[in-house]
Each structure stands twice: as structure tokens, then as C-alpha cells.
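Protein chains in written order, with my numbering: chain G, 238 to 515; chain F, 400 to 670.
Below is one structure, written out as C-alpha cells; comments come after it.
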Amino acid sequence: MSGLQTPPTSDAQAMPESGGLRLVRILLPVVVLAAGIALWEFVVRVNNIPPYVLPGPGAVFKTLISDWPVLSQSLLTTLLTTLEGFVAAAIGGIALALLFNQSKWLEYSLFPYAVILQVTPVIAIAPLLLIYLPQQTAVIVCAWIVGFFPVLSNTTLGLNSVDRNLAGLFQLYGASRLQTLAYLKLPSALPFILGGLRIAGGLSLIGAVVAEIAAGSAGAGSGLAYRIAESGYRLNIPRMFAALLLLSAAGIVIYGLLALTSHLVLRRWHESALGKEN
Amino acid sequence: MAEPAALIETNSAISGLAVSLRGVTKVYDSGVAALGPLDLDVAKGEFVSLLGPSGCGKSTALRLIAGLSAPTSGTVGVSRRDGAARAGHAVGFVFQEPTLMPWTSVRDNVRLPLKLAHAGSEETHARVDAALTQVGLAEFADAYPRELSGGMKMRVSLARALVTDPDILLMDEPFAALDEITRFRLNNDLLALWRNLRKTVIFVTHSVFESVYLSQRVLVMTSRPGRLAAEIRIDAAEPRGEEFRTSADYAAYCRMVSNALAPSYSGQSGS
């Protein structure tokens, strides 16, 4: 063997992402989705499966439209719960991380309980919460419990990841604690905080759904998860699917919005949001 | 980190010294003796290089002078200027890395020391612009650090150290990570700044050539613990420029400094 050889690279590495490739990347999942739906419809029709066992996608779609007044109301309820839980998780997680960062004593005393709260399955806590709290509050608390921990741990990580030399610089120029926090620690932690929020968004939805299911028929709640449980009892399977579809869509939209926010905030300076060509 | 235990603020009117270390040692919590005992005097307006192998405590000495860490024993004296009313800071520090805040513009990075000192905004603006002009980056005020080259980032770092108009400039291997051509240019620019502004500069480097080119006095250090091994005065005609870099005098000084530095390396094996 003599001379230099080009190391073998896979096609994906070797070729910059061209317009055609990008189109394929968007088109392929859509084709898979269409094929899946077609297969579903086909199986249901050929086997003559009744809608109360497995409705075809057409039936689900029809139900989505015909039941829209009920479903949209439920969607709104669930989204509101999720939003409230998410905001509480964001504020609670960031505030707690800031407190921990200022006082080691507080961190040592409370952090284990934050972990316990996180590792205990929320589905097991929800029925208890429903006993002691009004239903709407209990649902929001559930969304908060699952959502706050990623925000807390990510923010803590971010606040502790400050560049050592920059910290020295702030010390050199006599920065106060508040100045160091506002001008150095928080901006350094921002990418981490946004990452935590992105996880918390999806988890808040899960928390809200879990609590609604746990509340079940006991409550007067009318969220999407409650609709699913209710439709289950009534063997209204198409409506179950329609509600599930809406939940998925809500999750995707929440994730997309948070990812977009993160991108817009970080795009001028953070590696994660920069274009590949740089 | 605690305030330095023995920082003496000398009145600049009494002595001509900018920095004075007496019997300074630094022992880290791990028990490693990093420095000293070290005695060091730097006159006002002098350009001094601390030269030595990696881990010889030269950066530690610089951090002690800056007040970023406290000496284990001994005294660190740094002159403070009389007119303390100015929103300035006696010491400017340039780190080995540019150490810029990536989330904000060049202008805001340079403004930071003034912002931390709560300086008024109109005055701040003019001083930031002046500092950026001094390092030749006036047009890049609104760029973000990641959009700049390594040399430009270092210039921003220098502008930030200059913006408070400090009496003393501490530089910790600032150009070590740059390519040679960029380093030469920054060396020349730094000398020009020093000639114009007459600041006291303490420059830490592990490059013999850089130390001889820049400084009036080269202090050679040995490692573990860091002590002064030799002191070599560089008496070259001012202003120095590219012709000095290629002169026989320069080569002779470099040889002299290299010889003084050799014992520092002889004790180490393979590093």
C-alpha cells in the first residue's frame, strides 16, 4: 500500500444534501403514511370488520368531522391543562434550579425529593392527587410533576456549565451575584433550558392525559383523554381513534412550536441551531 | 474563590512600581506546590514576559496578580491609580482563549466590564467604539463571536481588556493558539498599542521568540514549584518591527533566552 487513499465514506456523508434528497426525505414518510392508511382501509373492508372492533380510517375521519364540536371542546380543555402544567413546570423547574444554584444547602436538602417525585410513576400518583385536590387542580399538578424535572435538571446542568474563564472574568471585574446570574449563568444555561422545555412540553401533555384517564368517569372533566375513556365504555371506537389522532397532532404541534422557539432564540450563536455548512 | 488574603494596594505616587510580589507561594488544595517563593517587581509602563515550560506556575502568578486567586503566603501588591472615580479598572486580563460570550455581539462583549461597573451609557458607547478602533475591529461591532476568525476573536478580547483603560494589562498566552502569521501581526499590533498607551504589560508565554520580540525584560521560570531562574533584559532599538525579527541581535537574544530556559526542561523527561 502506498500513497494516500481517500477514506471510504457513505453516500450520505459524501454528498451534500441536495434539493432532490431533501424532497425524498419529506416524501418518503408521506408515502409510508399513505400506504399504511390504504392497507388499514383495505384490511377493514376485505375482512368486513365492524366499526366497533376496528373502524377504517375513513370512518375515523368521518367521526372526526361529525363529532368536531365535542372533540374540539375536549381538545381545548386538554391543551389548556397542558399549557398550565407546562408553564408551572417551566417556572417551577427554572426557579428551583436557580435556588439550588444559589444555595448548596437547599440543593442537598431538596434534590433527592425532586428525583423521587420524578421516578414515581405519575399514573400511580394521579388517583391519590384526585382524592385530595379538586379535579382541575389535580390534573394540572400531574402535568407539572412529569414536566418540571427535565427543566430542573437541564437548567441545573446549564447553570453549572459556565465557562471557567468567563466566570473568572466576571470575578475580575467585580460582578455581583445578580449580575453574574443575569449576564453569565442564565445566557450560558439558555440552550440547556430550552432543551428541557422541549422535553417538558411533550411530558406535560402526557401528564394531563394520565390524570384525565385516572379521573375517568368520576370527574366532570371533558378533556380528550376523558373522551377516549368515555368512548371506550360506549364502544364508540371511531371516536376513540379520532380523539387519539387529535392528541398525537397536539403533541406534534407542541414539540414543533418549542423546537421552533429554541431555534429562533439560539440561531445566531449556538452550535445546535447553526447551519451544517458552517 | 475568596478575596486575596494579602493584597496590598500601593499608592502609585510613592513607588514607580506597578506590580510587586514578595515571597509569594501558591499551594493548591491537592497539596501541589505550584509557585514560589516568588519575588517580582514590574515597573510602570514596562513590558515583561514570563517564560517557562507548561505547568511552571506562570499562569498561576498572573491569576494571583489579577486577584483571581489568593496566595498561600506572601504579599501581592498592585498599584491602583489615584483617580478612582473613573469607571475603570486597574487591571485588564486577556486569557489564553478569547473567552467571549457567544450569545451576544462583539460590541456587547467589549462593553461588559463597563456594564458590570454600572457606567453611564453615552460614555460607554464612545469608549467601546474607541477600544474596537484601537484593535482595528470598528466595522465588526455588530458581528457575533462565531462569525470571526481566531485572530479577530483575540482582538475582541484585547479590546475588552482595554476598554476600562487599565494601568496594567495581564496576558496569559493570548496568541498561543493562533497560526504564526496571525500571531506576528498581533505581536506587532500589541507593540504599537503598548507604545501609544504606555501600559504595564505582563505577558505569559512559552515561546522564546515571542518573549524576546515583545518584551523589555524576559523572566525565565522553572517548574514545580515555579520560581524565577533567570532575568534577561532585551535592549533593542525602539520601535521594534519586522527588521528586528530578522536581525542578528534578535537571534542572539533568542539563543541567550533558550540557554537560560534549557535547565527548566532538563529535569523533565519527554515533555
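Glycine residues also receive a C-beta, built at the ideal position from the N, C-alpha and C atoms.
Since this is a predicted model, take the numbers as computed values, not measurements.
>> Tell me the DSSP secondary structure of Val656/F in three-state form.
In response: helix
>> Assess contact between the region 566 to 582 of chain F and the region 545 to 557 of chain F, defined as three or more Cβ pairs (one per stretch) separated by less than 8 Å. Is contact present?
In response: yes
> Is it the case that the Cβ atoms of Val418/F and Ile601/F are separated by a distance below 8 Å?
Replying inline: yes
>> Below 8 Å on C-beta distance, what does Pro395/F contact in chain G?
In response: There is simply no residue 395/F to check, as chain F begins at 400 and stops at 670 in what is shown.
> Ends of the beta strand (DSSP E) at Ile489/G?
Replying inline: Counting along the chain, Ile489/G falls outside any beta strand (DSSP E), though it belongs to the alpha helix (DSSP H) covering Ile474 to Leu503.
> To which residues of the same chain is Ala542/F closer than 8 Å at the C-beta, ignoring the five residues directly before and after it?
Replying inline: Ser504 and Val505
> Taking C-beta to C-beta, are Ala591/F and Ala629/F nearer than 8 Å?
Replying inline: no
> Is there a Cβ from chain G that is less than 8 Å from the Cβ of Ser670/F?
Replying inline: Low per-residue confidence applies at Ser670/F: pLDDT is 41, beneath 50, and the placement is therefore not dependable, though the value from the model is reported in the following sentence. No, Ser670/F does not count as interfacial toward chain G.
> What's the C-alpha gap between Gly433/G and Glu449/G?
Replying inline: 24 Å
> Would Asp400/G count as contacting chain F if we go by Cβ distances under 8 Å?
Replying inline: yes
>> Just to confirm, is the Cβ distance from Ala296/G to Ile377/G under 8 Å?
In response: no
>> Given a cut-off of 8 Å on the beta-carbon distance, is the pair Ala465/F and Phe446/F in contact?
In response: no
> Per DSSP, which one or two residues make a beta bridge with Lys422/G?
Replying inline: Note: Lys422/G sits in no beta bridge, so no partner.
> When the cut-off is 8 Å and only beta carbons count, does Ala465/F lie next to chain G?
Replying inline: yes
> In three-state terms, what does DSSP make of Ser413/G?
Replying inline: coil
> Where do the N-terminal and C-terminal ends of the beta strand (DSSP E) with Lys598/F fall, by residue?
Replying inline: Element bounds for Lys598/F: n/a, residue is neither H nor E.
>> Whether or not the region 399 to 408 of chain G and the region 364 to 375 of chain G are in contact is what I'm after, with contact meaning three or more pairs of Cβ atoms, one per stretch, closer than 8 Å; do they touch?
In response: no
> Per DSSP, Thr424/F is paired with what?
Replying inline: Ser472/F
> Which value, in whole angstroms, describes the spacing of the CA atoms of Met551/F and Leu536/F?
Replying inline: 8 Å
>> On the criterion of 16 or more Cβ atoms from any shown chain inside 10 Å, does Phe279/G qualify as buried, or is it exposed?
In response: exposed
>> Let's test the definition: count the other Cβ atoms within 10 Å of the Cβ of Thr532/F and tell me whether it reaches 16, buried, or not, exposed.
In response: exposed
> Cβ of Thr319/G within 8 Å of Cβ of Ala380/G?
Replying inline: yes
>> Measuring straight from C-alpha to C-alpha, what distance separates Arg597/F and Gly444/F?
In response: 5 Å
> Do the region 464 to 484 of chain G and the region 412 to 424 of chain G make contact, defined as three or more Cβ pairs closer than 8 Å?
Replying inline: no
> Taking DSSP as the reference, what is the three-state secondary structure of Leu450/F?
Replying inline: strand
> Residues of chain F with CB under 8 Å from Gly433/G, in chain order?
Replying inline: Within chain F, no residue comes near Gly433/G; the closest Cβ sits about 17 Å away, beyond 8 Å.
> Once you ignore the five residues that flank Trp277/G on each side, which residues in its own chain have a CB closer than 7 Å to its CB?
Replying inline: Gly293 and Pro294
>> Just to confirm the assignment, what range does the beta strand (DSSP E) spanning Leu569/F have?
In response: Ile567 to Asp571
>> For Leu434/F and Thr459/F, which I take to be in contact (beta-carbon distance under 8 Å), what is that distance rounded to the nearest angstrom?
In response: 5 Å
> What number of angstroms, rounded off, separates the C-alpha of Leu291/G from the C-alpha of Val281/G?
Replying inline: 7 Å
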